[in-house]
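I have placed the structure first, in the form of structure tokens, so that the comments after it can refer back to it.
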Amino acid sequence: MRNVRLFITGLFLSANSLFATSDSIQSKVLSYPNFIALVKAHHPIAQQAVLITQKADATVQSARGNFDPKLSYSYSEKDFNQTDYYELNRIGLKIPTWYGLEFNGGYSENSGTYLNPENNTPAAGLWQLGATLNLGQGLFIDKRRAALEKAKLARESSVEEQKILYNELILHAGESYWNWFEAYNNLLVYRQAEELAQQRFSGVKIAVTQGDKPGIDTVEAKIQVQNRQLNLQQAELNFRNASLLLSTYLWLEGTIPLDLQPGTIPHRWNAIELEANHLELKSRLEDITQQHPYLKMIDLKIQQLEVTKRLQREMLKPQFSIKYNAINQPVGSDPLANFNTDNYTFGVEISMPLFLRKERGELNWTHQELNHMKLELDNQKASLLYKAQSAINKLSTSLEQALLYQETVQNYELLLLGEKKKFDAGESSLFMVNSRELGFINAQLKYNELLSKNKKSRLMAEYNLMLLAD
Numbered sequence: 270m271r272n273v274r275l276f277i278t279g280l281f282l283s284a285n286s287l288f289a290t291s292d293s294i295q296s297k298v299l300s301y302p303n304f305i306a307l308v309k310a311h312h313p314i315a316q317q318a319v320l321i322t323q324k325a326d327a328t329v330q331s332a333r334g335n336f337d338p339k340l341s342y343s344y345s346e347k348d349f350n351q352t353d354y355y356e357l358n359r360i361g362l363k364i365p366t367w368y369g370l371e372f373n374g375g376y377s378e379n380s381g382t383y384l385n386p387e388n389n390t391p392a393a394g395l396w397q398l399g400a401t402l403n404l405g406q407g408l409f410i411d412k413r414r415a416a417l418e419k420a421k422l423a424r425e426s427s428v429e430e431q432k433i434l435y436n437e438l439i440l441h442a443g444e445s446y447w448n449w450f451e452a453y454n455n456l457l458v459y460r461q462a463e464e465l466a467q468q469r470f471s472g473v474k475i476a477v478t479q480g481d482k483p484g485i486d487t488v489e490a491k492i493q494v495q496n497r498q499l500n501l502q503q504a505e506l507n508f509r510n511a512s513l514l515l516s517t518y519l520w521l522e523g524t525i526p527l528d529l530q531p532g533t534i535p536h537r538w539n540a541i542e543l544e545a546n547h548l549e550l551k552s553r554l555e556d557i558t559q560q561h562p563y564l565k566m567i568d569l570k571i572q573q574l575e576v577t578k579r580l581q582r583e584m585l586k587p588q589f590s591i592k593y594n595a596i597n598q599p600v601g602s603d604p605l606a607n608f609n610t611d612n613y614t615f616g617v618e619i620s621m622p623l624f625l626r627k628e629r630g631e632l633n634w635t636h637q638e639l640n641h642m643k644l645e646l647d648n649q650k651a652s653l654l655y656k657a658q659s660a661i662n663k664l665s666t667s668l669e670q671a672l673l674y675q676e677t678v679q680n681y682e683l684l685l686l687g688e689k690k691k692f693d694a695g696e697s698s699l700f701m702v703n704s705r706e707l708g709f710i711n712a713q714l715k716y717n718e719l720l721s722k723n724k725k726s727r728l729m730a731e732y733n734l735m736l737l738a739d
């Protein structure tokens, strides 16, 4: 399948730090909100989530089909040695109802030399109308009603499953975005560090030529260039791979994968605000034990088991049904002419297993499974609450760490600037400048990591509170 290029325009924001340079050409910025909007609208998993509820709707429709009226027709005959033994014609209609009462009606017209007496009908045929009622098994619930009740519960569960899928998708997509963001900003640091090392190497060579610096300084400066080039190559690789991973979340209508256009970048670090509002998330903790989709799915599973248990209890009763049909011989086109209540068929059917081992065994299994699921529900409530509280704590700590390290980065920059002034005045060595510069580089990389960690901590907190699916 041919990949399609994704074109997203925006303004590249320049940084103010020593290692952030402004680009002469505008790059295309893919913001986090725009990225998530694309994922929600077009990712295959988002499309699959819609299919879950559609499949559940189909299951409900199928279960309702058990209550559809059923029209039937049967015909059979026997001829032997030019003798018409019998000819049987019957058309019937059955209408099941929710309460276990089944209405039926039909018309029979039978004839033949050796016709079974119970199949005898007048020449004009015989109409019948009646009902079958279960007074034992099936009076309060039967397989048809149980199947429909469980299908409706499964439909509710599918809505919760859809939320969970969305929540998982946005979590993984969001983590990929902030890893991409970190890789890009690290690349900027290494790119500028390599440029500065090249400039310093050129300056040292000139100073050595003029006799202002010892020749050994060129070796040290060259080593720094080589180290920075190696770091830059690794940073470029990390950014390319992060971009590839990000592209896996970009699709067109769930069928056509999209590629990031070359030059597409995230915002720089100084255009991103830290996530600080964890108190608002804490207020949502009260809802988690009642509103979390996973807990709702377990509760709906318990309700389905309760339906199964009701049905299995019903199976402990004997099968006891009564059947009544009023019958009448039509006169002309009027099936009710000469109707007489004395003309009818009536029957009673009773059956029951002697030991009920199968029924009692199934009921006991369902009872134990219900207890298991109720314990699982209590366990998951505690587990989800812990995970949510833990994620909020991590968010709070990540904010404190990032704010603390902002000042640390500034202090490393001051150390570097001071060391450069001493070096220019001949009061320091190239080794000390490189050491201060390396400290500043590592500080910027650490801050990028903490900023990304803060964003991912917010993401994880919202994930555990099921807010990403909104």
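The sequence shown begins at 270 in our numbering and counts up by one. Ideal Cβ placement from N, Cα and C applies to all residues, glycine included.
Buried or exposed: which applies to residue i, given that a residue is buried once 16 or more other Cβ atoms fall within 10 Å of its Cβ?
i: isoleucine 567; result: buried
i: tyrosine 716; result: buried
i: serine 239; result: Outside the modelled stretch of the chain, which goes from 270 to 739, sits residue 239, for which no answer is possible.
i: proline 622; result: exposed
i: lysine 432; result: buried
i: proline 365; result: buried
i: phenylalanine 700; result: exposed
i: histidine 312; result: buried
i: arginine 727; result: buried
i: lysine 690; result: exposed
i: isoleucine 534; result: buried
i: isoleucine 525; result: exposed
Can you list, in chain order, the residues of its chain with a C-beta nearer than 7 Å to that of residue i? Leave out the 5 residues immediately preceding and following it.
i: lysine 551; result: Ile661
i: alanine 777; result: Here the chain covers residues 270 to 739 and nothing more, so residue 777 does not appear.
i: glutamine 670; result: Leu719
i: asparagine 436; result: Tyr732, Met735, Leu737 and Ala738
i: glutamate 464; result: none
i: alanine 712; result: Thr677, Val678 and Tyr681
i: serine 668; result: In the sequence as displayed, the identity of residue 668 is leucine instead of serine. Answer for leucine 668: Leu543, Glu544, Ala545 and Asn723, listed in chain order.
i: threonine 390; result: Ser377, Glu378 and Asn379
i: tyrosine 593; result: Gly399, Ala400, Tyr613 and Phe615
What are the residues that DSSP puts in a beta bridge with residue i?
i: tryptophan 634; result: The partner list for tryptophan 634 (beta bridge, DSSP) is empty, contrary to what the question assumes.
i: arginine 359; result: Ser343 and Ser377
i: glutamine 397; result: Gly375 and Ile596
i: phenylalanine 409; result: DSSP output for phenylalanine 409 lists no bridge partner at all.
i: aspartate 353; result: Asp348
i: leucine 402; result: Leu370 and Ile591
i: leucine 646; result: DSSP lists no partner for leucine 646.
i: lysine 297; result: Thr533
Do you know offhand how far residue i's Cα is from residue j's?
i: valine 298; j: tyrosine 453; result: 12 Å
i: alanine 306; j: proline 338; result: 47 Å
i: threonine 290; j: glycine 532; result: A caution first: threonine 290 carries a pLDDT of 40, below 50, which makes its placement in the model unreliable, though a value can still be read off. When rounded, the distance between both Cα atoms is 16 Å.
i: tyrosine 383; j: tyrosine 354; result: 5 Å
i: glutamate 346; j: arginine 359; result: 12 Å
i: leucine 527; j: serine 698; result: 51 Å
i: arginine 497; j: leucine 672; result: 28 Å
i: glutamate 429; j: arginine 579; result: 25 Å
i: glutamine 572; j: lysine 643; result: 11 Å
i: asparagine 539; j: glutamate 645; result: 46 Å
i: glutamine 316; j: leucine 521; result: 11 Å
i: valine 702; j: alanine 466; result: 11 Å
i: alanine 415; j: valine 319; result: 26 Å
i: leucine 398; j: glycine 374; result: 4 Å
i: leucine 434; j: leucine 514; result: 19 Å
i: leucine 714; j: leucine 684; result: 17 Å
i: glutamine 530; j: asparagine 640; result: 55 Å
i: alanine 423; j: tryptophan 367; result: 19 Å
i: leucine 585; j: arginine 413; result: 17 Å
i: serine 652; j: lysine 627; result: 37 Å
Could you give the residue range of the alpha helix (DSSP H) that holds residue i?
i: threonine 558; result: 554 to 560
i: tyrosine 732; result: 699 to 733
i: isoleucine 541; result: Counting along the chain, isoleucine 541 falls outside any alpha helix (DSSP H), and DSSP gives it neither H nor E.
i: proline 746; result: No information on residue 746 is available, as it lies outside the stretch 270 to 739 that the chain covers here.
i: alanine 511; result: 485 to 516
Need the endpoints of the beta strand (DSSP E) that residue i sits in, please.
i: proline 526; result: 525 to 529
i: serine 620; result: 613 to 620
Sorted by chain position, which residues of the same chain lie with C-beta nearer than 6 Å to residue i's C-beta, five sequence neighbours on each side aside?
i: phenylalanine 508; result: Ala452, Tyr453 and Leu456
i: tyrosine 459; result: Asn500, Leu501 and Ala504
i: leucine 402; result: Leu370 and Ile591
i: glutamine 588; result: Gly405, Gln406 and Ser620
i: leucine 632; result: Gln581
i: glutamate 444; result: Lys725
i: valine 617; result: Ile591
i: arginine 553; result: Leu734
Grab me the residues of residue i's own chain with a C-beta within less than 8 Å of its C-beta, minus the 5 sequence neighbours each way, in chain order.
i: leucine 417; result: Val329, Ala332, Arg333, Asn335 and Phe336
i: phenylalanine 470; result: Thr487, Ala490, Lys491, Gln493 and Val494
Check whether the Cβ of residue i sits closer than 6 Å to any heavy atom of the ligand PLP, and report yes or no.
i: alanine 660; result: Ligands displayed in this structure: none; no statement on the ligand PLP is therefore possible.
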